[in-house]
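Asker: What follows is a structure written as structure tokens; I'll ask about it next.
Residue numbers (this note's numbering), protein chains in the order written: chain R, 297 to 562; chain G, 76 to 304.
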């Protein structure tokens with residue numbers, strides 16, 4: 297070993313992906329071959345909406361391969377950094393890799409530049425990562441993220457949705473992605489209000505995911521046997537990204553389920 | 076006359092380069108890195124609020140430097156790239172100060188012997204251990220030589236004065252407030268005067284940090300609070 301290679305010493309790039317592509321392309325996610333979509337776990341519902349103080353994003357925990365449930369405890373919503381969250385629907389392995397790569401991309405930029413990217417900058421960075429993944433999407437391994445966060449310029453927060461070609465769209469109230477997204481969005485249309493505070497917001501999120509899991513086989517509801525609750529994160533400028541403890545989500549899920557049981561039996 | 080007309084002996088060549096690098100480093104203010112009971116404090120006299128001498132490399136690794144800004148900035152960025160790539164290819168816990176220090180040492184030694192001029196920098200690489208016993212401090216010189224220290228380490232023009240002031244002091248058992256005080260006093264003694272808070276740059280690697288990233292910059296307000304006694 298003889299110290300750093302020139303790629304490490306050049307000061308031209310603040311992107312981790314560019315660096316990895318230059319010096320360690322084998323570390324980046326790639327596949328060879330044709331349509332692999334039927335082999336890999338997938339499926340999800342991710343929802344995201346504005347709250348009174350910022351943003352809430354929530355996701356179910358199920359992953360499926362065809363009609364088999366591959367995982368009951370996958371976490372498809374993760375913090376991207378201290379002030380933004382990302383949720384991903386699509387091929388599970390690639391989705392998790394993309395989240396990890398994106399988290400690192402933001403951290404790398406922050407360390408190299410000594411400052412965070414703006415929220416719009418983060419969204420554009422994610423869009424260009426998706427464009428880079430287009431060849432994977434053509435093989436049936438598509439991933440579609442939902443990204444949201446706050447920054448000083450937009451303290452109320454912004455929500456961005458994407459498509460596999462890297463198209464970026466800002467959503468102004470609420471949005472959902474994944475196989476159960478239609479059902480969840482229907483619920484949000486009725487339940488969402490602009491002034492939801494934390495507990496009410498969690499309750500709305502659980503209701504929407506409940507509806508999605510009710511009608512979509514690839515979306516899992518709250519698992520009362522294993523005590524697995526949907527992942528829920530809130531983001532605001534004061535506290536940054538906060539994960540709602542699973543026990544709190546579970547107790548709200550029990551309320552929702554009780555309410556629905558009573559309605560069904562009345 | 077078979078000898079080349081401009082022959083310079085290797086000894087003289089190395090000595091000239093070392094003198095050149097030392098002179099460049101001596102012009103700048105010093106940096107001191109001290110262990111405290113719950114972490115590692117990196118402290119510098121640096122009037123600029125944006126051109127940092129202290130930086131985060133990775134979750135538990137901090138970086139401090141003196142000398143020529145563009146040269147140590149190149150080293151800092153290389154360190155971040157090395158650490159992030161290693162952490163991504165393997166696992167976050169596989170990024171170690173020892174590996175990073177080796178890469179720095181090789182690079183500095185290579186530049187020192189083969190380039191037209193050596194890097195005028197001195198570096199400290201600090202790693203926060205999971206327990207206090209596994210904390211590590213490495214000091215790197217312009218020629219790639221490495222020394223590991225146990226309690227505290229100073230670099231820069233006044234490094235010897237600072238080391239003399241802190242001699243025999245075991246900072247690793249003291250709380251942050253006291254260690255900060257010792258550090259500031261040592262910097263002030265070496266600079267033969269007082270150092271106003273706005274001329275200080277400080278950061279800690281905090282063993283009690285909640286996330287995986289333990290590096291935290293101390294704002295002027297936090298430093299002023301630490302100095303109040």
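Virtual Cβ for every residue (Gly too), placed ideally from N, Cα, C.
What you are looking at is a predicted structure, and each value in this text was computed from that prediction instead of being measured.
1. Please confirm if the stretch 517 to 531 of chain R is in contact with the stretch 480 to 491 of chain R, defined as three or more CB-CB distances below 8 Å between the two stretches.
2. Does residue 473 (chain R) come within less than 8 Å of chain G when only Cβ atoms are used?
3. Identify the contact partners of residue 160 (chain G) in chain R, using a Cβ-Cβ distance below 8 Å as the criterion.
4. Name, in chain order, the residues that DSSP records as bridge partners for residue 213 (chain G).
5. In the stretch 439 to 492 of chain R, which residue ranges form an unbroken alpha helix (DSSP H) of at least 4 residues, counting only runs that do not cross its ends?
6. Give the residues from the stretch 390 to 408 of chain R that approach chain G closer than 8 Å (Cβ to any Cβ), ordered along the chain.
7. Residue 410 (chain R) CB to nearest chain G CB: under 8 Å?
8. Spatial neighbours of residue 465 (chain R) within its chain, please: CB distance less than 6 Å, with the 5 preceding and 5 following residues excluded, ordered by chain position.
9. Closer than 7 Å by C-beta to residue 483 (chain R): which residues in its own chain qualify, once you throw out the five before and the five after it? Chain order, please.
10. If you run the structure through DSSP and keep just helix, strand and coil, what is residue 277 (chain G)?
11. Please state if the CB of residue 261 (chain G) and the CB of residue 198 (chain G) are separated by a distance shorter than 8 Å.
12. Taking the straight line between their C-alpha atoms, what separation do you get for residue 227 (chain G) and residue 85 (chain G)?
13. Which two residues bound the contiguous alpha helix (DSSP H) that contains residue 381 (chain R)?
14. Which residues of chain G have a Cβ atom closer than 8 Å to the Cβ of residue 536 (chain R), listed in chain order?
15. Check this for me: beta carbons of residue 272 (chain G) and residue 295 (chain G), under 8 Å apart or not?
16. Are the stretch 353 to 363 of chain R and the stretch 406 to 420 of chain R in contact at 8 Å, needing three or more beta carbon pairs?
17. How many angstroms separate the CA atom of residue 297 (chain R) from the CA atom of residue 180 (chain G)?
18. Answer with buried or exposed for residue 81 (chain G), where buried requires no fewer than 16 other C-beta atoms within 10 angstroms of its C-beta.
19. Under 8 Å, Cβ to Cβ, is there at least one residue of chain R near residue 182 (chain G)?
20. Between residue 297 (chain R) and chain G, is the shortest Cβ-Cβ distance under 8 Å, so that the two count as touching?
21. Tell me residue 131 (chain G)'s beta-bridge partners as DSSP assigns them.
22. Would you say the stretch 373 to 392 of chain R touches the stretch 108 to 123 of chain G, given that touching needs at least three Cβ pairs under 8 Å?
23. Can you tell me which of G:245, G:168, G:208 and G:222 puts its alpha carbon nearest to the alpha carbon of residue 109 (chain G)?
24. Could you pull the start and end residues of the beta strand (DSSP E) that residue 268 (chain G) belongs to?
25. Give me the chain G residues within the contact set of residue 300 (chain R), using Cβ-Cβ distance strictly less than 7 Å, ordered along the chain.
26. Looking at the unbroken beta strand (DSSP E) that takes in residue 290 (chain G), where does it start and where does it end?
27. Can you give me the start and stop residues for the beta strand (DSSP E) that residue 106 (chain G) sits inside?
28. Can you tell me the Cβ-Cβ gap for residue 135 (chain G) and residue 280 (chain G), rounded? I've got them flagged as a contact below 8 Å.
29. Measuring straight from C-alpha to C-alpha, what distance separates residue 429 (chain R) and residue 313 (chain R)?
30. Less than 8 Å separating the beta-carbons of residue 144 (chain G) and residue 162 (chain G)?
31. Measuring only the C-alpha atoms, how far is residue 556 (chain R) from residue 447 (chain R)?
32. Could you have a look at residue 169 (chain G) and say whether DSSP puts it in helix, strand or coil?
33. With H, G and I counted as helix, E and B as strand and the rest as coil, what does DSSP make of residue 374 (chain R)?
34. Based on the DSSP secondary-structure assignment, which residues constitute the bridge partners of residue 359 (chain R)?
35. Mind listing the chain G neighbours of residue 304 (chain R)? Cutoff is C-beta to C-beta under 7 Å, in chain order.
Answerer: With the structure as the only source:
1. In short, these stretches do not touch, since the Cβ pair count stays below three.
2. Within the first chain, numbered from 1, the residue matching residue 473 (chain R) stands at position 177. Proximity of residue 473 (chain R) to chain G, defined by a Cβ-Cβ separation below 8 Å, is not satisfied.
3. For the purposes of this step, residue 160 (chain G) is taken as the residue at position 85 of the second chain. Per Cβ cutoff of 8 Å: 312, 315, 316, 319, 320 and 323.
4. Working through the second chain from its first residue, we reach residue 213 (chain G) at position 138. In the DSSP output, where bridge partners are listed per residue, residue 213 (chain G) has G:200 and G:223.
5. Runs of the alpha helix (DSSP H) inside the stretch 439 to 492 of chain R: 477 to 487.
6. Under the 8 Å Cβ criterion, the stretch 390 to 408 of chain R contributes 396, 397, 400, 403, 404, 407 and 408.
7. In the first chain, counting from the first residue as 1, residue 410 (chain R) sits at position 114. Taking Cβ atoms only, chain G reaches closer than 8 Å to residue 410 (chain R), which makes this a yes.
8. Along the first chain, read from residue 1 onward, the residue named residue 465 (chain R) stands at position 169. Result list for residue 465 (chain R): 457, in chain order.
9. The residue given as residue 483 (chain R) occupies position 187 in the first chain. If the five residues before and after residue 483 (chain R) are omitted, its C-beta is found closer than 7 Å to the C-beta atoms of 503, 504 and 507, all from its own chain and listed in chain order.
10. Here residue 277 (chain G) refers to the residue found at position 202 when the second chain is read from its first residue. In this structure, residue 277 (chain G) counts as strand in the three-state DSSP scheme.
11. Here residue 198 (chain G) corresponds to residue number 123 of the second chain, with the count starting at 1. Here residue 261 (chain G) corresponds to residue number 186 of the second chain, with the count starting at 1. Taking 8 Å as the cut-off, the Cβ atoms of residue 198 (chain G) and residue 261 (chain G) do not count as close.
12. On the second chain, position 152 is the one that residue 227 (chain G) refers to. On the second chain, position 10 is the one that residue 85 (chain G) refers to. Roughly 34 Å separates the two Cα atoms.
13. By 1-based counting over the first chain, the position of residue 381 (chain R) is 85. Bounds of any alpha helix (DSSP H) do not take in residue 381 (chain R); it lies within the beta strand (DSSP E) bounded by 380 to 386.
14. The residue you call residue 536 (chain R) lines up with position 240 of the first chain. Here the premise fails: no neighbours, minimum Cβ distance about 10 Å.
15. Sequence index remark: in the second chain, residue 272 (chain G) carries index 197 (1-based). Sequence index remark: in the second chain, residue 295 (chain G) carries index 220 (1-based). The Cβ-Cβ distance between residue 272 (chain G) and residue 295 (chain G) falls below 8 Å.
16. Touching, no, given that fewer than three Cβ pairs across the two stretches are closer than 8 Å.
17. Taking the first chain and counting its residues from 1, one reaches residue 297 (chain R) at position 1. Taking the second chain and counting its residues from 1, one reaches residue 180 (chain G) at position 105. Reliability of the predicted coordinates at residue 297 (chain R) is poor, the pLDDT of 46 falling under 50, and the value obtained from them is presented with this limitation in mind. Approximately 11 Å between the Cα atoms of the pair.
18. Here residue 81 (chain G) refers to the residue found at position 6 of the second chain. Exposed, because fewer than 16 other Cβ atoms sit within 10 Å of the Cβ of residue 81 (chain G).
19. Numbered from 1 along the second chain, position 107 holds the residue referred to as residue 182 (chain G). It does: the Cβ of residue 182 (chain G) has a partner Cβ on chain R nearer than 8 Å.
20. To locate residue 297 (chain R), count along the first chain from 1; it is residue 1. With a pLDDT of 46 at residue 297 (chain R), under the threshold of 50, the predicted position of this residue should be treated as unreliable, though the coordinate-derived value follows. Residue 297 (chain R) counts as touching chain G.
21. As a working note, residue 131 (chain G) is residue 56 in the second chain. Per DSSP, G:137.
22. Flag = no, the stretch 373 to 392 of chain R and the stretch 108 to 123 of chain G do not touch.
23. Position 34 of the second chain, counted from the first residue, corresponds to residue 109 (chain G). Of the candidates G:245, G:168, G:208 and G:222, the one whose C-alpha sits nearest the C-alpha of residue 109 (chain G) is G:245.
24. Taking the first residue of the second chain as position 1, residue 268 (chain G) is located at position 193. Premise fails: residue 268 (chain G) is in no beta strand (DSSP E) and is neither H nor E.
25. As a first step, residue 300 (chain R) is located in the first chain; it is residue number 4 there, counting from the start. Residues of chain G passing the Cβ test: 153, 157, 178 and 182.
26. For this step, residue 290 (chain G) is matched to residue 215 along the second chain. That run of the beta strand (DSSP E) goes 290 to 293.
27. Counting from 1 along the second chain, the entry for residue 106 (chain G) is found at position 31. It spans 106 to 111 - the beta strand (DSSP E) in which residue 106 (chain G) sits, taken as one unbroken run.
28. If you number the second chain from 1, residue 135 (chain G) lands on position 60. If you number the second chain from 1, residue 280 (chain G) lands on position 205. So it is a contact: roughly 6 Å between Cβ atoms.
29. Taking the first residue of the first chain as 1, we reach residue 429 (chain R) at position 133. Taking the first residue of the first chain as 1, we reach residue 313 (chain R) at position 17. If I take the Cα positions, the gap works out to 12 Å.
30. Residue 144 (chain G) sits at position 69 when you count from the first residue of the second chain. Residue 162 (chain G) sits at position 87 when you count from the first residue of the second chain. It is not a contact, given that the beta carbons lie outside the stated cut-off.
31. Your numbering for residue 556 (chain R) matches position 260 in the first chain. Your numbering for residue 447 (chain R) matches position 151 in the first chain. Straight-line Cα distance between these residues: approximately 38 Å.
32. On the second chain, position 94 is the one that residue 169 (chain G) refers to. Helix.
33. Residue 374 (chain R) sits at position 78 when you count from the first residue of the first chain. Note: residue 374 (chain R) maps to strand in three-state DSSP.
34. On the first chain, residue 359 (chain R) is found 63 positions in, with the first residue counted as 1. Partner(s): R:367.
35. Counted from its first residue, the first chain places residue 304 (chain R) at position 8. Neighbours of residue 304 (chain R) on chain G, chain order: 153, 156 and 157.
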